[in-house]
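So in numbering that gives the first Met the number 0 the end of the sequence shown lands on 183, straight run, no missing numbers. Positions of the beta carbon are idealized from the N, C-alpha and C atoms, including for glycine.
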Amino acid sequence: MKILPPTLRESKRYLAFSLAAEDEISRHDLIYELNFAATALVGDVGSSELGMRLLGFDDCSGIMKCAANKVWEVRGVMASISSIKGLRVRIKVLGVSGTVRATTQNYLLIKDVKQVEPERERTAELDKCEFFIANMAISGKIVRRVDNEMDILPDSPHYENTLNNSGTRYFGITVFDLTYKENE
């Protein structure tokens with residue numbers, strides 16, 4: 000059987016969520032409770048239309064795949080769960096995205112106070128930078144950073160006017176365009 004081309008496939012969304020519980024919850028117990036809550040909330044046919052799949056789950060966070068037009072129903076199913084195996088739980092949806100990569104980068108890789116990551120602890124946190132366009136130095140505040148790309152809000156009013164006139168909010172650059180200034 001041939002695989003459907005991407006234009007004919009059903010659209011999917013990925014929900015990043017965090018789970019707060021009194022004790023450790025297993026993946027199997029979470030899946031069982033999600034299916035039970037979906038059946039109770041929207042019925043058998045409705046739960047099959049949701050297309051819910053638990054893609055990844057560790058102790059306190061995970062990614063749920065669902066149909067693009069059923070995101071709010073899936074959020075309702077997740078919000079309706081108050082206990083798993085007699086343990087009180089709270090499931091909080093951190094965000095929704097169209098790809099697993101974007102979901103992971105935007106919602107699950109955020110530095111948490113509880114989770115110590117030595118690689119991030121050793122790296123200098125940069126919030127200011129300077130870059131060059133046609134031998135002109137432009138400095139500004141880093142607003143958003145994903146991998147090697149970042150959005151910069153310029154310090155100079157001249158460049159802010161340039162951005163406003165062009166209809167964009169930030170300069171989009173890569174890390175290879177930068178000369179760093181570390182705040183001390």
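When only Cα atoms are considered, L49 and V73 end up about 7 angstroms apart. Annotation: D28 is outside any beta strand (DSSP E); the continuous alpha helix (DSSP H) that includes it extends over 26–49. T103 carries a helical assignment under DSSP once its states are collapsed to helix, strand and coil.
When E23, G139, R52 are compared, the shortest CA-CA separation from M149 is found for G139. Looking from the CA of G61, the closest CA among A39, K11, I24, R144 belongs to I24.
Spanning the alpha carbons of T98 and D43 requires a straight line of approximately 27 angstroms. According to the DSSP secondary-structure assignment, I141 is paired through a beta bridge with I151. Under the DSSP assignment, M63 falls outside any alpha helix (DSSP H), being part of the beta strand (DSSP E) whose first and last residues are 60–66.
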